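**Q** Below are the structure tokens for one structure; questions will follow.
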Amino acid sequence: MSPMLTIIRPMTEADVPSIIEIDREIHYSSWTEEWFYRALKEPYRAYVVEQDHQIFGFAVMRYIADEGELLNIGMAKHQQHQGYGKQLFLYLIKTAQQKNIRHIFLEVRASNATARRLYEQCGFQPIDVRKAYYQLPQVEEAIVYQLNL
């Protein structure tokens, strides 16, 4: 049996229901179905990660001028801690470089040590703290990260 090929590709309208399911599984997200459909249009870029036509990860970026911002990212629980998040992140960085993006920003829950470790491994540096940024499931700070390309 050959290993399954992991594909990262642009998100389509047909992918949105699967993405919403993943987002609900892993986040206390305020993202609505409408927001995911909006992410398919400029200035956004949305991507999915799939194997054997099964979507298990996604990312939504926004590009304005020479800056990119990671707005939402997620990996289904059964595929976490297997390197797919890093693979997706490196793809996002490469894509941003091809678009002549000079800086990428993101924010993450202060308690999300796994994500913070991944971002730091990919070269992101913490630059700010947003007090009481997240409200659910409890009030929590957001750490703002920046990567200079």
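Sequential numbering from 0 applies to the sequence shown in numbering that gives the first Met the number 0.
We put the beta carbon where it would ideally sit given N, CA and C, even for glycine.
Remember, predicted model here, so these are calculated numbers, not experimental data.
With a CB to CB cut of under 6 angstroms and the five nearest residues on each side skipped, what residues in its chain are close to Met3?
**A** These residues qualify, in order along the chain: Gln50, Asp51.
**Q** Hey, would you say Ile103 sits closer than 7 angstroms to Leu70, going by beta carbons?
**A** Cβ atoms of Ile103 and Leu70: not closer than 7 angstroms.
**Q** Curious, which full-length beta strand (DSSP E) runs of at least 3 residues does the region 58 to 104 contain?
**A** With a minimum length of 3 residues, the continuous beta strand (DSSP E) runs that stay inside the region 58 to 104 are 66 to 74.
**Q** Checking contacts by CB at 7 angstroms: is Gln145 closer than that to chain B?
**A** Of the chains in the structure shown, none is chain B; there is only one protein chain.
**Q** Check the DSSP bridge columns for Arg150 and list the partner residues they point to.
**A** Past the edges of the chain, shown from 0 to 148, lies residue 150, and the structure says nothing about it.
**Q** Tell me which same chain residues have a C-beta within less than 6 angstroms of the C-beta of Glu68, skipping the five on either side of it?
**A** Only Arg61, Phe104 meet the Cβ criterion.
**Q** Would you decide whether Ile54 is buried or exposed? Buried here means 16 or more other CB atoms lie within 10 Å of its CB.
**A** Ile54 is buried by the Cβ-count criterion.
**Q** Alpha carbon to alpha carbon, how far is Gly56 from Ser110?
**A** The alpha-carbon atoms of Gly56 and Ser110 are separated by roughly 21 angstroms.
**Q** Would you kindly check if the distance between the Cβ of Tyr43 and the Cβ of Met10 is under 7 angstroms?
**A** No, these two residues do not count as a Cβ contact at 7 angstroms.
**Q** May I ask you to verify whether the region 130 to 140 touches the region 78 to 92, counting CB pairs closer than 8 angstroms and requiring at least 3?
**A** With the cut-off at 8 angstroms, the region 130 to 140 and the region 78 to 92 do not touch.
**Q** Considering only the beta carbon of each residue, do Tyr118 and Tyr83 sit closer than 7 angstroms?
**A** No.
**Q** Which of the three DSSP states, helix, strand or coil, is assigned to Gln134?
**A** Three-state DSSP puts Gln134 in coil, outside helix and strand.
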